[in-house]
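Everything on this sheet refers to the single structure shown next.
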Amino acid sequence: CAQRHGAERFVLVSTDKAVNPTNVMGATKRLAEMVCEALHSRGGQTQFEMVRFGNVLGSTGSVIPKFAEQIARGGPVTVTHPDINRFFMSIPEAAQLVLQAASMGRGGEVFVMDMGEPVKIVDLARNMIRLSGYAEDEIRIEFTGLRPGEKLYEELLADAELTRETPHPKLRIARSRAVAPDFLGALVAWLDAPTPLADEAVRQGLRRWVPEYAPSGERPTLTVVAGTPGVAAQGG
């Protein structure tokens, strides 16, 4: 642990999928944010910061290399839904965001980047087809349907989150829900259960720890139970 080894700062790289998560990846990212918030609230010399951003262009798993490969094969280019959109940023922007958060943070903040307007994925596919020297009717775009837990659009802030300014014009700080004092202890006890949990039990546990987690087609669980985060607004 960063605290145990006396690290000055710990920066968690989070994601816009942590906001109102609809899949396990987003829920675990939000849970990681909550752990960092809880560790910061315990005090100590290590400052914990969290940084949320969207898709990083050119990174492993990015849609652009996938589209380029599909275009090179002659298509089709696969898009899950005609209306799906995403925020994008460059690798240098992502690196700068992490460094800025590390330098400006005082501990416990969730930094959010102003990423401009989201990009429709089908428009990105059409532009890549055109820039590759093909007419739109030469490379077919195929809509495959949303995957389980996939959103039409991503959010950088939850409904209950407000933001405040920072000295950086493209960075803001989200004010998220505070976590309960006994959150960490209860979470560790759950993780240390002597019997490995089945997948469905893990999903149910995530819904308990992250009340805003709502798998596709389900309503979020907003009931606060012992060991789960409180709902008080976090100031700062």
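To convert, count from 1 in the sequence shown and add 17; that's the working numbering.
The beta-carbon is built from N, C-alpha and C at its ideal position, and this holds for glycine as well.
Here the structure is a predicted model, which is why all the values come from computation and not from measurement.
Residue 45 sits in a helix when the DSSP states are folded into three classes.
In the assembly as shown, residue 38 is a buried residue. Its beta-carbon has 16 or more other beta-carbons within 10 Å. The way I'd put it, the region 66-80 does touch the region 108-122; three or more beta-carbon pairs between them come closer than 8 Å. With 16 or more other CB atoms across the displayed protein chains lying within 10 angstroms of its CB, residue 194 is buried.
With a cutoff of 8 Å on beta-carbon distance, residue 84 and residue 27 are scored as not near each other. Straight across, the Cα-Cα distance linking residue 212 with residue 226 is about 19 Å. Here residue 189 is not near residue 136, since their CB atoms are 8 Å or more apart. The region 79-121 is shown to contain whole beta strand (DSSP E) runs of 3 or more residues at 94-96, in chain order. Using a 10 angstroms sphere on the CB of residue 231, the tally of other CB atoms reaches 16 or more, which defines it as buried. Using a 10 angstroms sphere on the CB of residue 33, the tally of other CB atoms reaches 16 or more, which defines it as buried.
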